[in-house]
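Asker:
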Amino acid sequence: MPPFVDPALLIQHAQQWFTSAAIVTRLVGLAAMLLSSRWYYSQPYHTSKCSGLDWVNELIRGNPGHIYSELGVSLQIFVLLIIELRKMGYTASNKICDP
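In our numbering, the protein residues as written are 9 to 107.
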């Protein structure tokens, strides 16, 4: 014959188990929200002290991903755009000299 188990004790253990499961579920959800938020991986984006021609030269000489990120085109496309604009008669303006 199996030993007698108090039903109140079983209910208490079940409640503790469900409470623990709810806490773990909540913590996992909060961790997932934190990891998916943009603030968790926040990094300085515009860190250049340069402006104007210096900024453009920094993009040209720097990481190819940066020029694409800032201007939306690769370095090769940017150079082709400058060549086409010069063919059309456009020149540097706003006190920016030709490189």
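Even for Gly, the Cβ is constructed at its ideal location relative to N, Cα and C.
This structure is a prediction, so every number in the text was calculated from the model and none was measured.
Could you name the residues of the same chain whose beta carbon sits closer than 7 Å to that of Glu78, not counting the 5 residues immediately before and after it, in chain order?
Answerer: Residue numbering aside, residue 78 sits at position 70 when the sequence shown is read from its first letter. Once the five neighbours on either side are set aside, the close Cβ partners of Glu78 are Leu67.
Asker: Is Val81 helix, strand or coil by DSSP?
Answerer: Here residue 81 refers to the residue found at position 73 of the sequence shown. Coil.
Asker: For Ile75, does the count of other Cβ atoms within 10 angstroms reach 16, so buried, or fall short, so exposed?
Answerer: Working through the sequence shown from its first residue, we reach residue 75 at position 67. Per the 10 Å Cβ criterion, buried.
Asker: DSSP three-state call for Gly97: helix, strand or coil?
Answerer: For this step, residue 97 is matched to residue 89 along the sequence shown. Coil, per DSSP.
Asker: Secondary structure at Thr27, three-state DSSP: helix, strand or coil?
Answerer: Here the question's residue 27 lines up with position 19 in the sequence shown. The answer is helix: DSSP assigns Thr27 an H, G or I state.
Asker: If you draw a straight line from the alpha carbon of His21 to that of His54, how long is it in whole angstroms?
Answerer: Within the sequence shown, the letter at position 13 stands for residue 21. Within the sequence shown, the letter at position 46 stands for residue 54. Those two C-alpha atoms are separated by around 55 Å.
Asker: Just how far apart, CA to CA, sit Leu43 and Arg94?
Answerer: In the sequence shown, residue 43 corresponds to position 35, counting from 1. In the sequence shown, residue 94 corresponds to position 86, counting from 1. When rounded, the distance between both Cα atoms is 47 Å.
Asker: May I have the straight-line CA-CA distance separating Ser101 from Ser56, to the nearest angstrom?
Answerer: As a first step, residue 101 is located in the sequence shown; it is residue number 93 there, counting from the start. As a first step, residue 56 is located in the sequence shown; it is residue number 48 there, counting from the start. Roughly 22 Å between the two C-alpha positions.
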